[in-house]
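Taking it in order: structure first as structure tokens, then the write-up.
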Amino acid sequence: MLLDAMLQRFVKFGAITIVEAGGREKSWQGAEAGPVTKIRFTDDKVARDLLKNPELVVCEAYMDGRIEILEGTLYEFLDFLIVNAEHQWQAQRGTFRERIRLGLRKIQQYNPVGRAKQNIAHHYDLTDEFYRLFLDEDEQYSCSYFPSPDIGLEESQLLKKRHIAAKLLLEPGQKVLDIGSGWGGLGLTIAELGGCDVTGVTLSERQHEVSNERARGKGVAERVRFLLQDYRHLRERFDRIVSVGMFEHVGVHHYDEFFGKVRDLLADDGVMLLHSIGRMEGPSWTSAFIRKYIFPGGYIPALSEVLPAIERAGLWVTDVEILRLHYAETLKHWRQRFMARRDEAKALYDERFCRMWEIYLIGSELFFRRQRGMVFQIQLAKDRHAVPLTRDYMVDTERAWRCADQHAGLRTVGGRDAA
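Counted the way our numbering counts, the sequence shown spans residues -2 to 416.
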């Protein structure tokens, strides 16, 4: 009866049919059109458990095989949940419950040096074989850049790196810092495109090993190196700083610390490019599922939380770009690749892990398609004269690289050879 009452309030879009473990079936229909799904509870305790923490329990019940999808797909089931949850969350704005959730963020996103490393290891120190199942050849684990939706993952990831590099105004001999350097692909691309000296920092032991192996394999280890180090421990200054997909791990109460350190590390005429997932609304919180299973300590910020910290650090915002559906398309590619090699992922881990990863990939894609997710790129400087007065240089630089591809006879701008 309690679950029935909860679903009566919850279902505003689409419809859901639930078959209980004993065989009894009931449907809930929203007033508005939306996704339609049918599921089955495999034991009598699922309904009771959902009342405790529905956001987390529904994911765990699917992971444990306690929820089975009878009609439609997991994508449609999660789509149904997300479109209705989004309506409910918006209705809670300004309520006491929301204030409690916002108040808990300081504890949930507490990321001092030691704990930050543990949180990163939780996600990024999975086996290399696993990430290679669904990432591009360069192992870019962040939002691609899609000038048109018909290009593939390899090409879109290369274009992402070039789009970022064009905003950095690279010149030979510059010292570049990559905060959160991943498997090294962006740092190596920057070194090649700009003739720069690159230092990357990561808290993932496996990413640290792989990225340095790649630098040695390309014969550039003397000017491209990756450190297993927290950015907060760096002391030297850099002409350019880039950070892609790392800011989501900083935690909202560490933003002043982050931008204060960026200010200290950046040369007086330096330029930084920050690339991060964001939300187009005000402050919020991290879902219980993501916080527990995917990114402990992580948070997707609103610009209204980021820009005041930049201002307090005394930095100029010289450019802002919002990428709206680019990450949805990236995640679609990752999801399709993962599903095509799901049996290999199951051999590396197990069925429960694969179900967890499906929820993560689908839920993240729907965050950008159905909810208020986006990616922002913020260009920063200490000096207002550090970048040109107009954005033409970005387009001109990327066009020059495309022309170089054509002159070299490359069939496309994508792939390892073009990188």
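Backbone N, C-alpha and C fix where the C-beta goes; we use that ideal spot for every residue, glycine too.
ask   = Are three or more beta carbon pairs between the segment 196 to 208 and the segment 157 to 171 nearer than 8 Å?
value = With a cut-off of 8 Å, the segment 157 to 171 and the segment 196 to 208 do not count as touching, because too few Cβ pairs lie within range.
task = Within 10 angstroms of the Cβ of H330, are there 16 or more other Cβ atoms? Answer buried if so, exposed if not.
result = Burial call: buried.
Residues near L47 by beta carbon distance below 7 Å, same chain, minus five either side = Excluding sequence positions up to five before and after L47, its CB lies within less than 7 Å of the CB of L0, V54 and V55, all in the same chain and listed in chain order.
ask   = Between the C-alpha atoms of G370 and Q376, what's the straight-line distance to the nearest angstrom?
value = Approximately 20 Å between the Cα atoms of the pair.
key: Element boundaries [alpha helix (DSSP H), containing T394]   = Looking at the DSSP string, the run of the alpha helix (DSSP H) that includes T394 is D389 to H404.
key: Where A285 sits in the DSSP three-state scheme   = It is helical.
query = Does DSSP classify H230 as helix, strand or coil?
reply = H230 sits in a helix when the DSSP states are folded into three classes.
request  = Compare the Cα-Cα distances from Q217 to each of T196, S178, C400 and L263 and report the closest residue.
outcome  = Residue 217 is actually Val in this sequence, not Gln. The shortest C-alpha separation from V217 is found at T196.
task = Tell me the start and end of each unbroken alpha helix (DSSP H) in the segment 203 to 261 that is at least 4 residues and wholly inside, in chain order.
result = Entirely contained in the segment 203 to 261, not one alpha helix (DSSP H) run reaches 4 residues.
ask   = In angstroms, rounded to a whole number, what distance separates the CA positions of W313 and F77?
value = Our two residues, W313 and F77, have alpha carbons roughly 42 Å apart in a direct line.
message = Within the continuous beta strand (DSSP E) that includes I187, where are the two ends?
response = From DSSP, I187 is part of no beta strand (DSSP E) but of the alpha helix (DSSP H) over G182 to G191.
inquiry  = Measuring straight from C-alpha to C-alpha, what distance separates V33 and P298?
reply    = Roughly 31 Å separates the two Cα atoms.
ask   = Which first and last residues belong to the alpha helix (DSSP H) in which D340 is found?
value = DSSP places D340 in the uninterrupted alpha helix (DSSP H) bounded by R339 to L345.
ask   = By how many angstroms is the C-alpha of E308 removed from the C-alpha of V8?
value = Their backbone Cα atoms lie some 42 Å apart in a straight line.
query = Which of helix, strand or coil does DSSP assign to F38?
reply = DSSP, reduced to helix, strand and coil, places F38 within a strand of the structure shown.
Contact set for A163: own chain, Cβ-Cβ below 6 Å, skip 5 residues either direction = Excluding positions up to five away in sequence, the list reads M391, T394 and E395.
key: Range covered by the beta strand (DSSP E) that runs through S273   = It spans L263 to R276 - the beta strand (DSSP E) in which S273 sits, taken as one unbroken run.
key: the segment 351 to 368 touching the segment 172 to 190, judged by at least three CB pairs closer than 8 Å   = No, the segment 351 to 368 does not touch the segment 172 to 190.
request  = Compute the beta-carbon to beta-carbon distance between R260 and A325, rounded to the nearest angstrom, for a pair I have assumed lies under 8 Å.
outcome  = Contact between R260 and A325 is absent: CB atoms are separated by about 33 Å, not below the 8 Å threshold.
query = DSSP state of A18, grouped into three classes?
reply = In the structure shown, A18 adopts coil according to DSSP, grouped into three states.
query = Do you know how far the Cα of M3 is from the Cα of W25?
reply = Answer to the nearest angstrom: the Cα atoms are 11 Å apart.
Local conformation of S153 per DSSP, three classes = In the structure shown, S153 sits in a helix (DSSP, three-state: H, G or I).
task = Figure out for me which residue from M277, L150, E210 and E126 has the closest Cα to the Cα of S301.
result = Minimum Cα distance to S301 is reached at M277.
inquiry  = Can you check which of these residues, R288, H251, A30 and I64, is closest to D40 by C-alpha distance?
reply    = Closest by alpha carbon: I64.
ask   = DSSP on T315, reduced to helix/strand/coil?
value = In this structure, T315 counts as strand in the three-state DSSP scheme.
Neighbourhood of D253 by C-beta distance below 8 Å, restricted to the same chain and skipping five residues each side = Result list for D253: A306, R309 and A310, in chain order.
inquiry  = Since F38 and E68 should fall inside the 8 Å C-beta cutoff, what is the C-beta to C-beta distance between them, to a whole number of angstroms?
reply    = At roughly 15 Å, the Cβ-Cβ gap does not stay under 8 Å, so F38 and E68 are not in contact.
ask   = Would the segment 140 to 158 and the segment 121 to 130 be scored as touching if the rule is three or more Cβ pairs under 8 Å?
value = Between the segment 140 to 158 and the segment 121 to 130 there are fewer than three inter-stretch CB-CB distances shorter than 8 Å, so the stretches are not counted as touching.
request  = Identify, in the order they occur along the chain, each residue of the same chain with its Cβ nearer than 8 Å to the Cβ of K178, setting aside the five sequence neighbours on each side.
outcome  = According to the sequence as given, residue 178 is Ser; it is not Lys. Counting only Cβ-Cβ distances below 8 Å, and skipping sequence neighbours, we find G184, G197, V198, T199, Q204, S208 and F223.
message = Assuming contact is defined by CB atoms lying nearer than 7 Å, are R352 and M60 in contact in what I supplied?
response = The Cβ-Cβ distance between R352 and M60 falls below 7 Å.
message = By the DSSP assignment, the beta strand (DSSP E) with Q374 in it spans what residues?
response = Unbroken beta strand (DSSP E) run through Q374: G370 to A378.
query = Who are the Cβ neighbours of A285 in its own chain at under 6 Å, not counting the five residues just before and after it?
reply = Excluding sequence neighbours, A285 sits near E52 and L53.
Beta-carbon contacts of G279 that lie in its chain and below 7 Å, excluding the five residues immediately before and after = If we look at G279 and ignore the five residues flanking it on each side, its Cβ neighbours are A299 and S301.
key: Contact with chain C by E83, beta-carbon distance below 7 Å   = This model lacks chain C altogether; it includes just one protein chain.
request  = Could you pull out every residue in the same chain whose Cβ sits closer than 7 Å to the Cβ of A416, ignoring the five residues on either side in sequence?
outcome  = Here the model assigns A416 a pLDDT of 35, short of 50, so the residue's position is not dependable, and the following value carries that caveat. Answer for A416: D135, L155 and T186, listed in chain order.
key: Burial state of N50, where buried means 16 or more other Cβ atoms lie within 10 Å   = Within a 10 Å sphere around the beta-carbon of N50 sit fewer than 16 other beta-carbons, which makes this residue exposed.
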